[in-house]
Amino acid sequence: MLAIDVQGMSRRFGDYLAVNQLDLQIPAGCIYGFLGPNGCGKSTSIRMLTGLLTPTSGSIQVLGLELPRQADLLRQRIGYMTQKFSLYDNLTVVENLEFVAGIYQLARRDRPVRIRQLLDLYQLEDKRQVRAGSLSGGQKQRLALAAATMHQPALLFLDEPTSAVDPENRREFWERLFDLSDAGTTILVSTHYMDEAERCHRLAILERGEKRADGSPADLMAQMAADVYEVSGPDLRQLRQQVLRWPQIMSAAQIGQSLRLLVYKSAGWGLSLLQQQLGPAYLVEPVRPSLEDVFVERTS
Amino acid sequence: MLSLSRIHAIFRKEIWQLARDRITFAMIVMIPLVQLMLFGYAINTDVRHVPAALVDQSSSSAARQFVADVQASQAVRFVPDFTDISKAKAALTAGKVHAILVIPADFNRRLDERRRGGGRAIAQWITDGSDPMLGNAVNALRQMPLPQLSPTHREAALPPSALFEVVNFYNPERRTAVNIVPGLIAVILTMTMILFTSAAIVREREQGNMEFLINTPIRPLELMLGKILPYIAIGLLQVAIILGLGHALFAVPLPEQWLSLWLVTLLFILASLTLGLLISTKAQTQLQAMQLTVFILLPSILLSGFMFPYVAMPKPAQYIAELLPATHYVRLVRAVVLRDAHWTALLNDIMVLAAFIVVGMTLATLQFRKRLD
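Each protein sequence line maps, in turn, to chains A and B. Per our numbering, the first sequence starts with residue 1, numbered consecutively. Per our numbering, the second sequence starts with residue 1001, numbered consecutively.
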């Protein structure tokens, strides 16, 4: 079953085409990522999928509801976590959650139980009387996720959820997302972090409003039209300038002490040919492609 | 269908936030207190003790007696003598005195003529006409009875009988505070109600809460209602403070028609809150909301009849005044508090306020869209 089914969705702002002919089929229960640089149409797409923006053309079905016509019905069934903390800084953790419970019309007698559950799940029990404004970044983010999942939505939208969070909290946060996914929640995450995108079941790479790739991270890496090598040796800056002039090289980027080369598969260069071209001064090692390589490949 | 649960959630959130916001909370009580003291004591249209210069050119005992009579009226207070008319005029220009009493050299002869029914004035007032209110106070001295210089002249000194008899049906002592205090309710409510709600929606937008809210099932009207409900209670509390203190400090009568007062005040509070919401949906920042509030507040003070009588204003100003809820409320509250009018006698203004609420609320709800496009 598809949680989101979109065909030919476009959105124009004046002369500017923010989203161009986007097709999306997102199965229920999946964690789906939107990966792309700022201004690639991630936010615009999410806003159309939540019914906040009307598409210029195309058809959108979310949880079986047709958008934007049935947007009001959809709101009760989706959760939305904004990039910037958007709960109330001058309310306590518990007050914020009670507010959200009221907004989503949870039955009055169920509220204490649900709130206790969430406080427990997101480790906010000892912060219940603390004002949201004085929580740490990670705590704020857990509170925001607790609020967004208060009404147990079937579909959760997360807009760059971990941009203000340290790596440890990010790991912990993703564990919670996998718990939710395991329980059947479909999750759509927008991000520009590769490590975050890599955790998704499936992802779409967006650039300038268009979808450049769609699939699981592993598939995308396997389908790469380039081989990846790490080259170490002297004068890497100069070497980079030099290899970029070769038509067989898709890209070259320095990573620490080595140069990461993407070589077109169609060029027919194996490891030995590349080594020959570079000369004996350089050590060449074939490596597994990363999602960043996929991203570079698809957007260059 | 409106959801009570959602309205209640917004309402309770506003109360929580309000309780934390000490400055706003202080304003709720301090604005009525300070303004009541300020306006109640400072605004006084019964002008007394206008500083005046005396130029006595006759130096007679009759003139001295006459001056004592004038001073006894309390309308003017003579500052130490000016023997010379040009010095007195200089003092008038400098603003040290606002009027000059010139007693001519032939004062005694003029006085005699007058007693025999002559028409010539016995002395001259030169007033600083630039402030009409001060000028009027001196003008009123023209009605002063003729100085009673000796018992033999008693009969002649009787004042001529007046053309009209004037009865003050309400406020027989003609105290200004009695008129000011109820009008002050209108000004204070306009100020606080519009100020608080005009920031209400803008604040959610500025602090980023709106991005969350628009993705929830909340409806615009629910948000509006939840936001204004707490302020109704605050408005009523302020009315109680003003009337209670007004009664204690300025002996302003307490209304007999409590129900009518409650009704018209509730309508006015709602109308002001609606106006605030309307501003809030338009303004982009809290600063803009504040500026728009002042834009409404100033005409509400000047044109509503609080400061100057509505009937004395030119027609165009009256039309503008009719558009302000404060104008209608000033009429209503003075009628209810000062004249014990029942609300059924005041249907016109009540209907206007009701219409204002319905139209304003509809506009505000339509203005506030959950769509971003």
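Yeah, the Cβ is synthetic: ideal placement off N, Cα and C, and Gly gets one too.
TODO: Please confirm whether Met9 (chain A) and Pro55 (chain A) have their CB atoms less than 7 Å apart.
DONE: In this structure, Pro55 (chain A) lies closer than 7 Å to Met9 (chain A) by Cβ.
Open item on the list: Please confirm whether Phe1212 (chain B) has its beta-carbon closer than 7 Å to some beta-carbon of chain A.
Closed with: By this cut-off, Phe1212 (chain B) is an interface position.
Open item on the list: Contact defined as beta carbons within less than 8 Å: I believe Ile187 (chain A) pairs with Leu177 (chain A). What is the distance between those atoms, to the nearest angstrom?
Closed with: Going by Cβ atoms, the distance from Ile187 (chain A) to Leu177 (chain A) rounds to 6 Å, so yes, they are a contact pair.
- [ ] Tell me whether Ser1150 (chain B) sits in a helix, a strand or coil according to DSSP, three-state version.
- [x] Its pLDDT being 47, under 50, Ser1150 (chain B) is placed unreliably in this model, and the value from its coordinates should be taken loosely. Shown here, Ser1150 (chain B) sits in coil according to DSSP, grouped into three states, outside any helix or strand.
TODO: Give me the Cα-Cα distance between Leu220 (chain A) and Ser190 (chain A), rounded to the nearest whole angstrom.
DONE: Roughly 18 Å separates the two Cα atoms.
- [ ] With 7 Å as the threshold, decide whether the Cβ of Phe34 (chain A) is near any Cβ in chain B.
- [x] For Phe34 (chain A), not one C-beta of chain B is nearer than 7 Å to its own C-beta.
Open item on the list: So Tyr122 (chain A) contacts chain B; which residues on that side make the cut at Cβ distance below 8 Å?
Closed with: Within chain B, no residue comes near Tyr122 (chain A); the closest Cβ sits about 17 Å away, beyond 8 Å.
Open item on the list: Using 7 Å as the threshold, is the C-beta distance between Thr50 (chain A) and Asn1215 (chain B) below it?
Closed with: In contact: Thr50 (chain A) and Asn1215 (chain B) (Cβ atoms closer than 7 Å).
Task: With 16 other Cβ atoms within 10 Å as the buried cut-off, status of Asn1348 (chain B) - done: It counts as exposed.
- [ ] Provide the residue span of the beta strand (DSSP E) that contains Trp1258 (chain B), from first to last.
- [x] In this chain, Trp1258 (chain B) is not harboured by any beta strand (DSSP E); it is covered by the alpha helix (DSSP H) spanning 1258-1282.
Task: Proximity winner among B:Thr1176, B:Arg1006, B:Thr1190, relative to Ile1301 (chain B) (alpha-carbon distances) - done: Selected option, being the one with the closest Cα: B:Thr1190.
- [ ] For Lys1227 (chain B), return the contacting residues in chain A, with the cut-off set at a CB-CB distance below 9 Å.
- [x] For Lys1227 (chain B), there are no C-beta contacts with chain A under 9 Å, since the nearest C-beta of that chain is about 13 Å from it.
Open item on the list: Which residues in chain A have a C-beta closer than 7 Å to the C-beta of Ala1009 (chain B)? List them in chain order.
Closed with: Those are Phe99, Gly102, Ile103, listed as they occur along chain A.
TODO: Mind listing, in chain order, the continuous beta strand (DSSP E) runs of no fewer than 3 residues lying wholly within the stretch 205-269 of chain A?
DONE: You should have 210-215, 226-232, 249-255, 258-264.
TODO: Apply the 10 Å Cβ neighbour rule to Met81 (chain A) and answer buried if 16 or more other Cβ atoms are within range, or exposed otherwise.
DONE: Looking at its Cβ environment, which holds 16 or more other Cβ atoms inside 10 Å, Met81 (chain A) is buried.
TODO: For chain A, find out if any of its Cβ atoms is closer than 7 Å to the Cβ of Ile1201 (chain B); answer yes or no.
DONE: Judged by the 7 Å Cβ criterion, Ile1201 (chain B) is not in contact with chain A.
Task: Simplified DSSP assignment, three categories, for Ala18 (chain A) - done: In this structure, Ala18 (chain A) counts as strand in the three-state DSSP scheme.
TODO: Quick one: using the 10 Å Cβ neighbour count with 16 as the cut-off for buried, is Phe1295 (chain B) buried or exposed?
DONE: Exposed.
Open item on the list: Once the 5 residues before and after Ser1150 (chain B) are set aside, which same chain residues still bring their CB inside 6 Å of it?
Closed with: With a pLDDT of 47 at Ser1150 (chain B), under the threshold of 50, the predicted position of this residue should be treated as unreliable, though the coordinate-derived value follows. Its chain contains no residue whose beta carbon lies nearer than 6 Å to that of Ser1150 (chain B) once the 5 sequence neighbours on both sides are disregarded.
Open item on the list: For a test of the three-state rule: what should DSSP assign to Glu1113 (chain B), helix, strand or coil?
Closed with: Glu1113 (chain B) carries a helical assignment under DSSP once its states are collapsed to helix, strand and coil.
Task: Simplified DSSP assignment, three categories, for Val1097 (chain B) - done: Reduced to three states, the DSSP call for Val1097 (chain B) is coil.
Task: Euclidean distance between Cα positions of Arg11 (chain A) and Phe173 (chain A) - done: Those two C-alpha atoms are separated by around 32 Å.
Task: Gly36 (chain A) and Lys42 (chain A) closer than 7 Å at C-beta - done: It is a contact, given that the beta carbons lie within the stated cut-off.
Open item on the list: Within 7 Å of any Cβ in chain B, is that where the Cβ of Arg75 (chain A) sits?
Closed with: Yes, Arg75 (chain A) counts as interfacial toward chain B.
TODO: Using DSSP bridges, identify the partner residues of Glu285 (chain A).
DONE: Note: Glu285 (chain A) sits in a beta bridge opposite A:Glu230.
Task: Ile1023 (chain B), buried or exposed, once every other Cβ within 10 Å from all chains shown has been counted against 16 - done: So Ile1023 (chain B) counts as exposed.
Open item on the list: Less than 7 Å between CB atoms is the rule here; does Trp1262 (chain B) satisfy it with respect to chain A?
Closed with: Trp1262 (chain B) is outside the set of residues whose beta carbon lies under 7 Å from a beta carbon in chain A.
Task: Buried or exposed (CB count within 10 angstroms, at least 16 for buried), Arg1154 (chain B) - done: Note that Arg1154 (chain B) has pLDDT 45, beneath the 50 cutoff, so the model's placement of it is unreliable and no number is given.
Task: Euclidean distance between Cα positions of Gln70 (chain A) and Val1252 (chain B) - done: Roughly 58 Å between the two C-alpha positions.
Open item on the list: Which residue wins for smallest C-alpha separation from Ala267 (chain A), given the options A:Asp227, A:Gln238, A:Asp120?
Closed with: Nearest option by C-alpha distance: A:Asp227.
Open item on the list: Can you confirm whether Lys84 (chain A), when its beta carbon is compared against all beta carbons of chain B, has any partner nearer than 7 Å?
Closed with: Closer than 7 Å: yes.
TODO: Verify whether the separation of the beta carbon atoms of Ile1201 (chain B) and Ser1280 (chain B) is less than 7 Å.
DONE: Judged by their CB atoms, Ile1201 (chain B) and Ser1280 (chain B) are nearer to each other than the 7 Å cut-off.
Open item on the list: Spatial neighbours of Ser300 (chain A) within its chain, please: C-beta separation below 7 Å, excluding the five flanking residues on both sides.
Closed with: Excluding positions up to five away in sequence, the list reads Met250, Ser251.
TODO: Would you check if the distance between the CB atom of Val1047 (chain B) and the CB atom of Met1144 (chain B) is smaller than 7 Å?
DONE: Their beta carbons are not under 7 Å apart, which means Val1047 (chain B) does not touch Met1144 (chain B) by this criterion.
Open item on the list: Between A:Ser258, A:Leu155, A:Ser163, A:Trp246, which has its C-alpha nearest Arg63 (chain A)'s C-alpha?
Closed with: Residue 63 (chain A) is actually Leu in this sequence, not Arg. When only C-alpha atoms are compared, the closest one is A:Leu155.
- [ ] Taking C-beta pairs closer than 9 Å, name the residues in chain B that Met91 (chain A) reaches, listed in chain order.
- [x] Correcting the residue type first, residue 91 (chain A) is Leu in the shown sequence and not Met. In chain order: Lys1013, Trp1016, Gln1017, Arg1020.
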